[in-house]
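Peer 1: So that we are looking at the same thing, I have put the structure below in structure tokens.
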Amino acid sequence: MIRNLRRKIFSAACGASLLLAVSAHAQERFITVASTTSTEQSGLFAHLLPAFERESGILVRVVALGTGQALDLARRGDADVVFVHDKVAEEKFVAEGFGVKRQEVMYNDFVLIGPQNDPAKAAGKDILAGLRQIEAAKAPFVSRGDKSGTHAAELRYWKAAGIDITAAKGPWYKDTGSGMGPALNTASSMNAYLLADRGTWLNFKNRGDLGIVVEGDKQLFNQYGVILVNPAKHAHIKQADGQKLIDWVVSTAGQKTIADYKIGGEQLFFPNAGN
Amino acid sequence: MHEMTTSLALAGELFAQGDSQLLAIVLLSLRVSLTATLLACLIGMPLGALLAVGRFPGRRTLIVLFNALMGLPPVVVGLIVYLLLSRAGPLGQFGLLFTPTAMVIAQTILIVPIVAALSRQVVEDAWREYREQLRSLGANRLRAARTLLWDGRFSLTTAGLAGFGRAVAEVGAVMIVGGNIDGVTRVMTTTIALETSKGDLPLALALGMILIAVVLLINIAAFLLRQWAERRWG
């Protein structure tokens, strides 16, 4: 009898703790943004989004992935807004009807990172010449290989440099299939070259002997765009609140907040929504 | 070795400061993984007991299957749960993706096989020992399974702790179904992965040490509780 009672108390306690543990969150007003690791890990979002959240009362939940993955997530309807950097892929996304309209927000630039003693002699202001030098020297090069915006840009540069990378690929070219940070860690540990966005590089701590090898080439320009996911494809998309975020980041206030973000006195992103 | 000492000092500092953001992350980790463990025990333990005492076709296949599923890769579980919960998936209408509930579901699936397989072993050993006795008391198999589970409850804590250990330590599943959203689904392991990708290795390692310390505390608490309960009721 007493044993039975104990057993009942035990089950009741289990049930109660279970209820406590899974009790639902208070209903919050929020939107989900699929974005890239470069905007999240460079610290831009931590600077930019609180200003919007204060003004609008809408919380922004950011899922940071590579551009390709972020767009795929949005295709499935798992985000309200995408904020990414691969113009070609973004335009395709809109053309397929998954996005309402693409708006340009800001740009930053890519930098070619490599060992400071530059064994391939790739240094300079010309990214294509730099890549040709690396390929000629068969110097270790780390590729993102993850369909991200940076990966897409890297492939475009190889092509523009007149190198068929699929054919030229050898043991020197490491296809890592990883995000910007992990790729930087890999490059740092094997003293390899790689293409990175400046924001992530500036915020990256485990640099080892790496430094900037090529920067300042106009072709290294990296444009970010923002797109509302099409509510016609997915009925649950938070159209009004998502549009509010888009309107704000391209507004004077939003653009100024982007320009104000600096690491060590260096501005990371250059607003250009007005263009 | 220098990094180790830096991280150890950093871990101590973080712990002493009681940083509210870090505390929230630790608490979310515990909330998700403890809930998953509890659910996995409620499902896995009866399942294990039935596999131990039951006699039905396919029983041996199921035993081998659950043993094999102990090695289920978290990233695969994450992917499956993602596809189920995604808006385009069969359970999309509930909007559970990128919530702690999604993380609980993924971790529960991940550890049910562990809890079930270990419980089966415990109950099977007891069944071998008390089979005749239980039969002479006229207990059917269902009744026997319940009795053996209850009698083995102290030994079964190990099964629960093994499940909890696996749940709280995995990163592959919660990263995919939770999305590592700051303040919503960011837990200890995803924070460690994030700091590693930022190249802040000392901080990542310090967070890892804190995670180990928290898991150690849970295990100490479970051990003491078991001892106390065994003295009281055992």
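Order-wise, the sequence lines are chains Y and L. Residues in the first sequence are numbered from 1 upward in steps of one, following our numbering. Residues in the second sequence are numbered from 1001 upward in steps of one, following our numbering. Virtual Cβ for every residue (Gly too), placed ideally from N, Cα, C.
In chain order, what residues of the region 193 to 227 of chain Y put their CB closer than 9 Å to some CB of chain L?
Peer 2: Correct list: Thr200, Asn203, Phe204, Lys205, Asn206, Arg207.
Peer 1: Measure the alpha-carbon distance for Y/Asn222 versus L/Ala1011 and round it to whole angstroms.
Peer 2: Here residue 222 of chain Y refers to the residue found at position 222 when the first sequence is read from its first residue. Here residue 1011 of chain L refers to the residue found at position 11 when the second sequence is read from its first residue. Between Y/Asn222 and L/Ala1011, the C-alpha separation is close to 37 Å.
Peer 1: Can you tell me whether Y/Ala24 is buried or exposed? The criterion is at least 16 other CB atoms within 10 Å of its CB, across all chains shown.
Peer 2: Counted from its first residue, the first sequence places residue 24 of chain Y at position 24. With a pLDDT of only 46 at Y/Ala24, under the threshold of 50, the placement of this residue in the model should not be trusted; the figure read from the coordinates follows. When all chains shown are included, Y/Ala24 counts as exposed.
Peer 1: Ordered along the chain, which non-local residues of its own chain (more than five positions away) have a Cβ less than 6 Å from that of Y/Thr37?
Peer 2: As a first step, residue 37 of chain Y must be located in the first sequence, where it is residue number 37. Here the set comprises Ala64, Gly179, Met180.
Peer 1: Checking the sheet assignment: what are the DSSP bridge partners for L/Ser1086?
Peer 2: Locating residue 1086 of chain L in the second sequence gives position 86, counting from the first residue. DSSP, once it has assigned bridges, lists no residue as partnering L/Ser1086.
Peer 1: Secondary structure at L/Leu1158, three-state DSSP: helix, strand or coil?
Peer 2: Here residue 1158 of chain L corresponds to residue number 158 of the second sequence, with the count starting at 1. The sequence as given places Thr at residue 1158 of chain L; Leu does not occur at that position. Residue state, collapsed to three classes: helix.
Peer 1: Report the option in L/Ala1213, L/Gly1160, L/Lys1198, L/Gln1107 whose CA atom is closest to the CA atom of L/Gly1078.
Peer 2: Taking the second sequence and counting its residues from 1, the one referred to as residue 1078 of chain L is at position 78. When only C-alpha atoms are compared, the closest one is L/Gln1107.
Peer 1: For L/Val1184, which residues in chain Y fall below 7 Å Cβ to Cβ?
Peer 2: Locating residue 1184 of chain L in the second sequence gives position 184, counting from the first residue. Ordered by position in chain Y, the residues that pass the 7 Å Cβ test against L/Val1184 are Arg61.
Peer 1: Mind reading off the beta-carbon distance from Y/Gly43 to Y/Ile237? Whole number of angstroms is fine, and I expect it under 8 Å.
Peer 2: Here the question's residue 43 of chain Y lines up with position 43 in the first sequence. Here the question's residue 237 of chain Y lines up with position 237 in the first sequence. Wrong, their Cβ atoms sit about 28 Å apart, outside the cutoff.
Peer 1: Can you find a C-beta in chain Y that's less than 8 Å from the C-beta of L/Ala1169?
Peer 2: By one-based count along the second sequence, residue 1169 of chain L stands at place 169. Not closer than 8 Å to any Cβ of chain Y, the Cβ of L/Ala1169 fails to qualify, so no.
Peer 1: Residue range of the alpha helix (DSSP H) that Y/Gly264 falls in?
Peer 2: Counting from 1 along the first sequence, the entry for residue 264 of chain Y is found at position 264. Looking at the DSSP string, Y/Gly264 is not in any alpha helix (DSSP H), and its letter there is neither H nor E.
Peer 1: Could you tell me the alpha carbon to alpha carbon distance between Y/Phe30 and Y/Arg61, rounded to whole angstroms?
Peer 2: Position 30 of the first sequence, counted from the start, is the residue given in the question as residue 30 of chain Y. Position 61 of the first sequence, counted from the start, is the residue given in the question as residue 61 of chain Y. Each residue's Cα considered, the two are about 7 Å apart.
Peer 1: Kindly say whether Y/Asp80, judged by its beta-carbon, lies nearer than 8 Å to any beta-carbon of chain L.
Peer 2: What you label residue 80 of chain Y is simply residue 80 of the first sequence in a count that begins at 1. By this cut-off, Y/Asp80 is not an interface position.
Peer 1: In the DSSP assignment, find the unbroken alpha helix (DSSP H) run with Y/Met106 in it and report its ends.
Peer 2: In the first sequence, residue 106 of chain Y corresponds to position 106, counting from 1. Run containing Y/Met106: none in the alpha helix (DSSP H); it sits in the beta strand (DSSP E), 99 to 115.
Peer 1: From L/Arg1232 to L/Ala1117, what distance separates their C-alpha atoms?
Peer 2: Here residue 1232 of chain L is taken as the residue at index 232 of the second sequence, counted from 1. Here residue 1117 of chain L is taken as the residue at index 117 of the second sequence, counted from 1. Roughly 28 Å between the two C-alpha positions.
Peer 1: Tell me which same chain residues have a C-beta within less than 7 Å of the C-beta of Y/Trp172, skipping the five on either side of it?
Peer 2: For this step, residue 172 of chain Y is matched to residue 172 along the first sequence. Answer for Y/Trp172: Lys138, Ala139, Pro140, Phe141, listed in chain order.
Peer 1: What residues from the region 1186 to 1215 of chain L come within 8 Å of chain Y, judged by C-beta to C-beta, listed N to C?
Peer 2: Cβ contacts with chain Y: Leu1194, Thr1196, Ser1197, Lys1198, Gly1199, Asp1200, Leu1201.
Peer 1: Quick check: is the beta carbon of Y/Leu184 nearer than 8 Å to any beta carbon in chain L?
Peer 2: Here residue 184 of chain Y corresponds to residue number 184 of the first sequence, with the count starting at 1. True, the Cβ-Cβ gap to chain L drops below 8 Å.
Peer 1: Shorter than 8 Å from the beta carbon of Y/Arg144 to some beta carbon of chain L?
Peer 2: Taking the first sequence and counting its residues from 1, one reaches residue 144 of chain Y at position 144. Y/Arg144 does not count as touching chain L.
Peer 1: Kindly give me the distance between the Cβ atoms of Y/Ala122 and Y/Val229, rounded to whole angstroms, as I take these residues to be in contact under 8 Å.
Peer 2: Here residue 122 of chain Y refers to the residue found at position 122 of the first sequence. Here residue 229 of chain Y refers to the residue found at position 229 of the first sequence. Actually they are not in contact, since the Cβ atoms of Y/Ala122 and Y/Val229 sit about 40 Å apart, beyond 8 Å.
Peer 1: If you measure from the beta carbon of L/Gly1078 to each beta carbon in chain Y, is any gap under 8 Å?
Peer 2: If you number the second sequence from 1, residue 1078 of chain L lands on position 78. It does not: the Cβ of L/Gly1078 has no partner Cβ on chain Y nearer than 8 Å.
Peer 1: Under DSSP, the alpha helix (DSSP H) around Y/Lys244 begins and ends at which residues?
Peer 2: Mapped onto the first sequence, residue 244 of chain Y falls at position 244. First-last of the alpha helix (DSSP H) with Y/Lys244: 239 to 250.
Peer 1: State the beta-bridge partners of L/Ile1304 as determined by DSSP.
Peer 2: Given a span of 1001 to 1234 for chain L in the structure shown, any question on residue 1304 of chain L remains unanswerable.
Peer 1: Determine the chain L residues that contact Y/Arg76 at a beta-carbon separation under 7 Å, and present them in chain order.
Peer 2: For this step, residue 76 of chain Y is matched to residue 76 along the first sequence. Those are Ser1086, Arg1087, Ala1088, listed as they occur along chain L.
Peer 1: What's the C-alpha gap between Y/Pro182 and L/Val1123?
Peer 2: Position 182 of the first sequence, counted from the first residue, corresponds to residue 182 of chain Y. Position 123 of the second sequence, counted from the first residue, corresponds to residue 1123 of chain L. When rounded, the distance between both Cα atoms is 45 Å.
Peer 1: Assess contact between the region 1024 to 1042 of chain L and the region 1186 to 1194 of chain L, defined as three or more Cβ pairs (one per stretch) separated by less than 8 Å. Is contact present?
Peer 2: With a cut-off of 8 Å, the region 1186 to 1194 of chain L and the region 1024 to 1042 of chain L count as touching, because enough Cβ pairs lie within range.
Peer 1: Confirm, please, whether the CB-CB distance from L/Leu1148 to L/Met1045 is below 8 Å.
Peer 2: Locating residue 1045 of chain L in the second sequence gives position 45, where the first residue counts as 1. Locating residue 1148 of chain L in the second sequence gives position 148, where the first residue counts as 1. No, the Cβ-Cβ distance between L/Met1045 and L/Leu1148 is not below 8 Å.
Peer 1: Hey, out of L/Asn1219, L/Asp1182, L/Ala1204, L/Leu1201, whose CA is closest to L/Gln1021's CA?
Peer 2: Locating residue 1021 of chain L in the second sequence gives position 21, counting from the first residue. Nearest C-alpha to L/Gln1021: L/Asp1182.
Peer 1: Kindly indicate which residue of L/Val1081, L/Pro1100, L/Leu1091, L/Leu1137 has the alpha-carbon position closest to the one of L/Leu1110.
Peer 2: Translated into the one-based positions of the second sequence, residue 1110 of chain L becomes position 110. Comparing Cα positions, the closest option is L/Val1081.
Peer 1: Below 8 Å between beta carbons: does that hold for Y/Val249 and Y/Gly149?
Peer 2: Numbered from its first residue, the first sequence carries residue 249 of chain Y at position 249. Numbered from its first residue, the first sequence carries residue 149 of chain Y at position 149. In this structure, Y/Gly149 does not lie closer than 8 Å to Y/Val249 by Cβ.
Peer 1: Note down, in chain order, all residues in the region 158 to 186 of chain Y with a beta-carbon under 8 Å from any beta-carbon belonging to chain L.
Peer 2: For the region 158 to 186 of chain Y, which is checked against every Cβ of chain L, the residues closer than 8 Å are Gly179, Met180, Gly181, Pro182, Leu184, Asn185.
Peer 1: Would you kindly work out how many angstroms separate the C-alpha atoms of L/Thr1061 and L/Val1112, rounded to a whole number?
Peer 2: Taking the first residue of the second sequence as 1, we reach residue 1061 of chain L at position 61. Taking the first residue of the second sequence as 1, we reach residue 1112 of chain L at position 112. Each residue's alpha carbon lies about 17 Å from the other.
Peer 1: Can you give me the C-alpha to C-alpha distance between Y/Glu96 and Y/Gln255, rounded to a whole angstrom?
Peer 2: Position 96 of the first sequence, counted from the first residue, corresponds to residue 96 of chain Y. Position 255 of the first sequence, counted from the first residue, corresponds to residue 255 of chain Y. One C-alpha to the other measures close to 29 Å.
Peer 1: Would you identify the three-state DSSP class for Y/His25, choosing helix, strand or coil?
Peer 2: To locate residue 25 of chain Y, count along the first sequence from 1; it is residue 25. Low confidence applies here, because Y/His25 scores a pLDDT of 49, under 50, leaving its location unreliable and the question unanswered by this model.
Peer 1: Run through chain Y and tell me which residues come within less than 7 Å of L/Ile1181, C-beta to C-beta.
Peer 2: Within the second sequence, numbered from 1, the residue matching residue 1181 of chain L stands at position 181. Chain Y residues near L/Ile1181: Arg61, Val62, Val63.
Peer 1: By Cβ distance below 8 Å, which residues in the same chain neighbour Y/Asp175 in space, the five residues on each side in sequence not counted?
Peer 2: The count along the first sequence starts at 1 and reaches residue 175 of chain Y at position 175. Around Y/Asp175: Ser143, Gly145, Lys169.
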